[in-house]
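With the working numbering applied, the sequence shown covers 1211 to 1512. Beta carbons are placed, not taken as given, at the ideal position from N, Cα and C, and that holds for glycine. Here the structure is a predicted model, which is why all the values come from computation and not from measurement. Some notes on the structure that comes next.
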Amino acid sequence: MVGKAIESLWLAQGSPEDFVVIEAGAGSGRLCREVLRSERGFSSAINYITVERSEALRQVQAETLGRYSNVSILADLPDLSTSGVIIANELLDNLVFDIAEFTSDGWAEVRVALNADSAIGDSSPEFLEVLAPLDDFRSSLIPDFAPQIGARLPIQVGAFEWIARAATSIKDGAMILIDYAGNAEDLARRGGWLRTYRDHSRGDDPLLYPGEADITSDVVLDPIRDALIDSGFRIESETTQAEWLSGLGIEDEVATGEAAWLAGAARGDLEALIGRSRATEAAILTDPLGLGGFTVIVARRG
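Have a look at this one:
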């Protein structure tokens, strides 16, 4: 499905002979492999760049994608001046964010300090939260609204800066952003947008297990839209992942997979198993209570 989306964007750019795909946070390289396997019309024009900070995952990519001569594996975004598309799937929620709390005096930044009984170097220090004034930059990332006092919101510092940086990687083309996300007012009202993960267990207290837990949050869409517009992009669509995949024809893929399974299930042949796997994966990707509820933003420039 992503291959079909890339092909559509390539055609919209006039089918250039040199077209780059930059996948940020590419992980094991699975998406890259699936796109290249699709063998669509852009196959001879595409140069696929995976960007992954983890050295271990870059090594996995080297093994997974080694047979493709049109793949480059990088640790950071490149500086290019060509047409292309940038894909960030579940990247923005993992970038650095701060936290703001609404008070009787407006928004304040939530910071972390050591408890009076703790000291730097303690084996088990205790932390506490303190409020501090927001600087102008962080204030600019919060839209103008007034929630209930005590409401909190992530400040998307890392995501905003990443989009500005990523926008310099291509001359024109598109950016596809896929993530847990919501509008600022909705997130501030419902809460529950901060999550921690440690040893495969989920929590909600970022002060526990410092340095041992991953901390992530839903992405606030308001500053993301602003960052795209500031970088010269226009937002072409903003949908759920289920809606986006439906627009790309995932129902046809499911029907084909189910037909292959029904035709070959009794024999248990490979084509039937692939068909069943395709239908199962599609159901997961479009589940509105799961991955199907992700937000997909497609923005274009040029």
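Separation of the CB atoms of I1445 and L1438 is rounded to 6 Å, and the pair is thereby assigned contact status at 8 Å. Around the C-beta of F1252, 16 or more other C-beta atoms lie within 10 Å, and the residue is accordingly described as buried. S1218 is the residue among S1218, D1354 and G1213 whose C-alpha sits nearest the C-alpha of R1510. In this structure, the straight-line span from the alpha carbon of R1399 to that of T1505 is close to 18 Å. Contact between the stretch 1228 to 1239 and the stretch 1267 to 1279 is established, with three or more Cβ pairs separated by less than 8 Å. Three or more beta-carbon pairs separated by less than 8 Å are not found between the stretch 1379 to 1392 and the stretch 1343 to 1353, which leaves the two stretches without contact.
The alpha-carbon separation between T1292 and P1498 amounts to approximately 36 Å. C-alpha of L1404 to C-alpha of N1280: approximately 38 Å in a straight line.
Spanning the alpha carbons of S1350 and A1489 requires a straight line of approximately 44 Å.
Cα atoms of E1422 and N1304: separation of roughly 15 Å, rounded to the nearest angstrom. Looking at the DSSP output, I1297 sits in a beta bridge with E1233 and I1386. In this structure, DSSP gives S1328 a state outside helix and strand, which the three-state scheme calls coil. For R1247, the uninterrupted alpha helix (DSSP H) segment begins and ends at R1240 to R1247.
Per the Cβ contact rule, the stretch 1364 to 1379 is not in contact with the stretch 1409 to 1425 (fewer than 3 Cβ pairs under 8 Å). Within the same chain, L1246 come within 7 Å of Y1278 by CB-CB distance, once the 5 residues on both sides are set aside. If you compare the alpha carbons of A1394, Q1223, K1381 and T1466 with that of Q1366, the shortest gap goes to A1394.
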